[in-house]
Structures are given as structure tokens and as C-alpha cells.
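Reading through the C-alpha cells given below for one structure.
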Amino acid sequence: MQKSKTELKQAKTAAKNVPAKASKAKATTDAPAVNTALNALLWLVAIVLVAGAIVGNWYYTQHVVIDESSFDRFIRVAIVIAVIVIGLGVTLFTNKGRSLLNFGRESYVELRKVVWPTRQEAMQTTFIVFVAVCVVSLFLYLCDVVFLQLVRYITL
Numbered sequence: 638m639q640k641s642k643t644e645l646k647q648a649k650t651a652a653k654n655v656p657a658k659a660s661k662a663k664a665t666t667d668a669p670a671v672n673t674a675l676n677a678l679l680w681l682v683a684i685v686l687v688a689g690a691i692v693g694n695w696y697y698t699q700h701v702v703i704d705e706s707s708f709d710r711f712i713r714v715a716i717v718i719a720v721i722v723i724g725l726g727v728t729l730f731t732n733k734g735r736s737l738l739n740f741g742r743e744s745y746v747e748l749r750k751v752v753w754p755t756r757q758e759a760m761q762t763t764f765i766v767f768v769a770v771c772v773v774s775l776f777l778y779l780c781d782v783v784f785l786q787l788v789r790y791i792t793l
């Protein structure tokens, strides 16, 4: 029994509409956007915190006349690091920061999909690279010796 042309066309279009095989990867969504005013305020706070930490550290070391013991120096450095980390943490709540966090999550998902080599494969590849480096370095050494002798012959 032969199919008509319309039945063949319907079968072809039905085959085209079949969805692709579902991926095992989780679907990721974009982070919700922060409104523009809040985004600008967060960037301003982050910049002021980091700039304040840098300027405050410079001012303290240049203008405060205190014999700085190791504990005082430790406290000063700890405060500067804490303020910079807080400033960077504030940037994670901006639109760009949320995009960065989303990118990090997606990268981690992709990293889990990677098929890593076995120890034996890694050792064999490392050995091949080591041998190749030795061969190339020997070649460069021989070129250096030949050029050195040529220059010595020409100049003397």
C-alpha cells in the first residue's frame, strides 16, 4: 500500500517537530535585575568602601605618628582586607555581580560534565610533554652553539 503525497508531507513535518533529546543539564535562569537607582547606589557604596580602605591605609601610614607594633600592623591590615572584602561583597548584589554569580554556577555545572583523564593517562601525557621539551631544548642549544661558532668565525 502506497502513501499519498500529502501523507508523506505530513510525516516529514511531524518528524521535524519531534523535540531533541532532553539534556541532563539543569536549566539556568538569569538573575533578577536590580533597578537602576539601587544598582548605581550599590556601585557607589562599593567604590567608596574600597577607596576609603586604600586612602585610610595610606593616611594612617603617612600621617599618624605612632610606633607601629606588629599587632597594630596586623589589626590595620585586617581592617583594610575586611573593608575591601565587604566592598567586593556589595558588588555581588549589583546586576554585574549577579551575572558573575550566575556565570560561576553555570561554570560549575559544566565543570561537573568534564571527563577527566585517569592517572595513567595524565602521567603518560606529562611524560610526552617532558620528552618534547627536552628535544626542543636540545635543538635550541645546538642552534646556539652553531650560531656562536659562526659569529666567532666571522668576527675573528
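Quick note on numbering: the sequence shown equals residues 638 to 793 in this note's numbering. Cβ coordinates follow ideal geometry from the N, Cα and C atoms, glycine included.
How is residue 728 classed by DSSP in three states: helix, strand or coil? Reduced to three states, the DSSP call for residue 728 is helix.
I need the straight-line Cα distance from residue 685 to residue 678, nearest angstrom please. Cα to Cα, residue 685 sits roughly 10 Å from residue 678.
CB of residue 712 within 7 Å of CB of residue 690, strictly: No, the Cβ-Cβ distance between residue 712 and residue 690 is not below 7 Å.
For residue 677, the three-state DSSP class (helix, strand or coil): In the three-state DSSP reduction, residue 677 falls in the helix class (H, G or I).
If I measure Cβ to Cβ from residue 762 and keep anything under 8 Å in the same chain, skipping five residues before and after, which residues do I get? The answer, listed in chain order, is 754.
For residue 731, which residues in the same chain have their Cβ closer than 7 Å to its Cβ, ignoring the five residues on either side in sequence? For residue 731, same chain residues with a beta-carbon under 7 Å away, outside a window of 5 residues either side, are 671, 676, 679, 680 in chain order.
Between which two residues does the alpha helix (DSSP H) containing residue 774 stretch? Per DSSP, the unbroken alpha helix (DSSP H) holding residue 774 starts and ends at 756-792.
Would residue 730 pass as an interface residue toward chain D - the criterion being a Cβ-Cβ separation below 7 Å? Structure shown: chain D not included; a single protein chain is present.
Can you tell me the Cα-Cα spacing of residue 632 and residue 777, whole angstroms? With the chain represented from 638 up to 793, any question about residue 632 goes unanswered, as that position is not in the structure.
Ordered along the chain, which non-local residues of its own chain (more than five positions away) have a Cβ less than 6 Å from that of residue 724? If you ignore the 5 residues before and after residue 724, its C-beta comes within less than 6 Å of the C-beta of 683, 686, 687, all in its own chain and listed in chain order.
For residue 672, name the three-state secondary structure that DSSP assigns. Correct three-state label for residue 672: coil.
Here's a check: name, in chain order, each residue in its chain whose Cβ is nearer than 6 Å to the Cβ of residue 727, leaving out the five neighbours to either side. Around residue 727: 679, 682, 683.
Can you tell me whether DSSP reads residue 595 as helix, strand or coil? A question about residue 595 goes unanswered here, because the residues of the chain that appear run from 638 up to 793.
Whole angstroms is fine: what's the gap from residue 780's alpha carbon to residue 787's? For residue 780 and residue 787, the distance between alpha carbons rounds to 10 Å.
Return the CA-CA distance between residue 765 and residue 707, expressed in angstroms with no decimal places. Across the structure, residue 765 and residue 707 are spaced so that their CA atoms are roughly 49 Å apart.
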